[in-house]
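Q: So for the sequence shown, full-length UniProt numbering puts the first residue at 1; every next one is plus one.
Where a beta carbon is used, it is the ideal one built from N, C-alpha and C, also for glycine.
Predicted model, so just to flag it, every value in this text is computed and none were measured.
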Amino acid sequence: MAVCDENTKDLLELDRVSATIVPSPAVSPANKRSFEDSCTSKDVAFVLFSSGSTGVPKGMLREHGTACTGSYAHARAMHLDSTSRVLQFANHVFDVAMLDFFTTLLMGGCVCIPSDLDRKNDVAGFVNRSQANWALLTPTVAELLDPCTVPSFRFVTLGGESIKPATLEKWLKVCRVGINYGSAEVDVTHVRDVFDASNPSNVGLRLPSCLAYIVDSENAANVLPVGAVGELVIAGSTMAREYLNAPEKTAQVFISTPQRWFTRGFVEESSALVSRLYRMGDLCRQRHDGSFDFVGRKDFQVKVNSKSTDVRLVERCR
Numbered sequence: 001m002a003v004c005d006e007n008t009k010d011l012l013e014l015d016r017v018s019a020t021i022v023p024s025p026a027v028s029p030a031n032k033r034s035f036e037d038s039c040t041s042k043d044v045a046f047v048l049f050s051s052g053s054t055g056v057p058k059g060m061l062r063e064h065g066t067a068c069t070g071s072y073a074h075a076r077a078m079h080l081d082s083t084s085r086v087l088q089f090a091n092h093v094f095d096v097a098m099l100d101f102f103t104t105l106l107m108g109g110c111v112c113i114p115s116d117l118d119r120k121n122d123v124a125g126f127v128n129r130s131q132a133n134w135a136l137l138t139p140t141v142a143e144l145l146d147p148c149t150v151p152s153f154r155f156v157t158l159g160g161e162s163i164k165p166a167t168l169e170k171w172l173k174v175c176r177v178g179i180n181y182g183s184a185e186v187d188v189t190h191v192r193d194v195f196d197a198s199n200p201s202n203v204g205l206r207l208p209s210c211l212a213y214i215v216d217s218e219n220a221a222n223v224l225p226v227g228a229v230g231e232l233v234i235a236g237s238t239m240a241r242e243y244l245n246a247p248e249k250t251a252q253v254f255i256s257t258p259q260r261w262f263t264r265g266f267v268e269e270s271s272a273l274v275s276r277l278y279r280m281g282d283l284c285r286q287r288h289d290g291s292f293d294f295v296g297r298k299d300f301q302v303k304v305n306s307k308s309t310d311v312r313l314v315e316r317c318r
């Protein structure tokens, strides 16, 4: 549906679009009202819900400032700009849809939205008709789609699930490929340009909009050395304010930065970026080049003789 006036109605193909023609006096300057913009970067822009992959979806309050900072940071890292024609494939209630819509429009790009029918049955056909050239896909979708059927794609970034080397190999033959990592609570935090299929668990370097540390999963105050496996915690200017109507859950994962981090020089005390930390719940390790490897979720880890063990691996040995 489109809303237009007498001067613009002829721009539409009225046989394909339902148009409501508004009389010109209704939108004349005399009838326009002036509104003062009292919004600040600290005001809540929207409530975003997580994917629910670790349980029930959680609503979180995202501020204008954190949303804009995150969008600019990962857009630059993922080669999304005004020439990008982004395939809007994520479900509208999924946090990734914010990247499809908000980040693309913020950078001046074009959002290509398939119909429900195309989304289910003809993704490749829609990509070709819309000439979409950029997409963020889960590895599962990327495995189902034949890269040769979407020649307009120039950059595909994968995230949200573990990635198989074969998936990377398939897409690297036809376009540039990236890996992104993050969560709805802190936005995209790590990005990597992929040049070969080796080590798909490496999620790359942290973005300039955040800080990343590996800590003891039992005691977040203890920072672990490079190469050690521990829980990833994030600080920075892209963090959500809190969970919606869930103060206990907020207190569990949005924690104050340990005071001894400042005295030991891990962070600068004057930095507003590190007043809070978000516990990702993911086990990772930092490499000597500064990049991070995803190891697994700490939820499935138990201590056996002081050794962390993934109980799912034990179950698979039956």
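Would you check if the distance between the CB atom of C175 and the CB atom of T189 is smaller than 8 angstroms?
A: On the sequence shown, position 175 is the one that residue 175 refers to. On the sequence shown, position 189 is the one that residue 189 refers to. Here C175 is not near T189, since their CB atoms are 8 angstroms or more apart.
Q: Using 10 angstroms around the beta-carbon of E231, count the other beta-carbons present and answer buried if the total reaches 16, otherwise exposed.
A: On the sequence shown, residue 231 is found 231 positions in, with the first residue counted as 1. By the neighbour-count rule (16 or more Cβ atoms within 10 Å), E231 is buried.
Q: If I measure Cβ to Cβ from V150 and keep anything under 6 angstroms in the same chain, skipping five residues before and after, which residues do I get?
A: The sequence position of residue 150 within the sequence shown is 150, counting from 1. A124 and V127, listed in sequence order.
Q: Could you tell me if the beta carbon of V47 falls within a distance shorter than 7 angstroms of some heavy atom in the ligand FMN?
A: Questions concerning the ligand FMN fall outside what the structure shown contains, since it holds no ligand whatsoever.
Q: Are the beta-carbon atoms belonging to A142 and T167 less than 8 angstroms from one another?
A: Within the sequence shown, numbered from 1, the residue matching residue 142 stands at position 142. Within the sequence shown, numbered from 1, the residue matching residue 167 stands at position 167. Yes, these two residues count as a Cβ contact at 8 angstroms.
Q: Who pairs with D193 in a beta bridge, going by DSSP?
A: As a working note, residue 193 is residue 193 in the sequence shown. According to DSSP, D193 bridges with G178.
Q: So A235 is in the beta strand (DSSP E); what residue range does that whole segment cover?
A: The count along the sequence shown starts at 1 and reaches residue 235 at position 235. Where A235 is concerned, the enclosing beta strand (DSSP E) stretches over V229 to G236.
Q: Excluding the 5 residues preceding and the 5 following D216 in the sequence, name in chain order all residues of the same chain whose CB lies nearer than 7 angstroms to its CB.
A: On the sequence shown, residue 216 is found 216 positions in, with the first residue counted as 1. N222, L224 and G230.
Q: Take R276 as the anchor and find which of G236, F49 and D289 has the nearest alpha-carbon.
A: Residue 276 sits at position 276 when you count from the first residue of the sequence shown. When only C-alpha atoms are compared, the closest one is G236.
Q: Checking the sheet assignment: what are the DSSP bridge partners for M60?
A: Start at 1 with the first residue of the sequence shown, and residue 60 comes out as number 60. Beta-bridge pairing links M60 to L48 and Y243.
Q: Please list the terminal residues of the continuous beta strand (DSSP E) segment that includes residue 388.
A: One cannot answer for residue 388 here, as it falls past the ends of the chain, which runs 1 to 318.
Q: Since C112 and A97 are thought to touch, with beta carbons under 8 angstroms apart, how far apart are those beta carbons, to the nearest angstrom?
A: Sequence index remark: in the sequence shown, residue 112 carries index 112 (1-based). Sequence index remark: in the sequence shown, residue 97 carries index 97 (1-based). Between A97 and C112 the Cβ distance is about 13 angstroms, and since that is not below 8 angstroms, they are no contact.
Q: Locate the alpha helix (DSSP H) running through R119, then write down its first and last residues.
A: Here residue 119 is taken as the residue at index 119 of the sequence shown, counted from 1. Run containing R119: D116 to N121, per the alpha helix (DSSP H) assignment.
Q: Among S41, S82 and K120, which residue has its Cα nearest to the Cα of L104?
A: Counting from one through the sequence shown, the residue named residue 104 turns up at place 104. Reading the sequence as shown, one finds Thr at residue 104 and not Leu. The candidate whose alpha carbon is nearest that of T104 is S82.
Q: Please confirm if the region 254 to 261 is in contact with the region 155 to 165, defined as three or more CB-CB distances below 8 angstroms between the two stretches.
A: no
Q: Counting Cβ pairs closer than 8 angstroms, one from the region 238 to 245 and one from the region 180 to 197, do we hit at least three?
A: yes
Q: Taking 8 angstroms as the CB-CB cut-off, is G108 touching chain B?
A: No chain B appears in the structure shown, which is made up of a single protein chain.
Q: Roughly how many angstroms separate the alpha carbons of M78 and W171, rounded to a whole number?
A: Counted from its first residue, the sequence shown places residue 78 at position 78. Counted from its first residue, the sequence shown places residue 171 at position 171. M78 and W171 have their C-alpha atoms some 16 angstroms from each other.
Q: Does DSSP put V223 in a helix, a strand or coil?
A: As a first step, residue 223 is located in the sequence shown; it is residue number 223 there, counting from the start. Strand.
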